[in-house]
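Numbering (the working numbering), first residue to last: 25 to 151.
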Amino acid sequence: MREIKFRQWDKRNKRFHYFGFDVNEFPFTSPVNPNREYYPVSQYTGVKDSEGAEIYEGDVVRSKDGLVREVVFSEKASKFCIQSYRMDPYKKMTKRVYSILSCEVIGNIYENPELLGESYEDTTRIT
């Protein structure tokens, strides 16, 4: 059975709280703060990186082609994947989605947003 695990970023204390649950035990509530706006929750992808570290959405990974990208859940593809942000010739931000296999976790968007560079920071201004 796939492990169902989560982590929750605690903005106040600047650390993660890790938790999981058994699908046979309901109702489920987070053992930490349920306010997701201030305490965002990331799900475990079920995949480990090339070094054996668990990969969660919001992790920053180095892909096998050497590029640094963010792990996201793609609603369109219905799976976890990595995406890169690039500026196209018309100065519009575009997203590209790639497989999370063969990656190495090097940080996360909460503690290390600078790893994604200036183009990532630009996406926060795009609506």
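Don't be surprised by glycine CBs; every beta carbon is placed ideally from N, CA and C.
In the structure shown, glutamate 99 adopts coil according to DSSP, grouped into three states. Looking at the backbone, the Cα of valine 95 and that of aspartate 83 are separated by about 5 Å.
Taking C-beta separations shorter than 6 Å and ignoring five residues to either side along the sequence, lysine 103 has no partners in its chain. The Cβ atoms of glutamate 128 and serine 66 lie no closer than 7 Å to each other. Judged by DSSP in its simplified three-state form, glutamate 75 adopts coil rather than helix or strand.
Here lysine 29 is bridged, per DSSP, to Gly44. According to the DSSP assignment, glutamate 128 belongs to the beta strand (DSSP E) that extends over 128-132.
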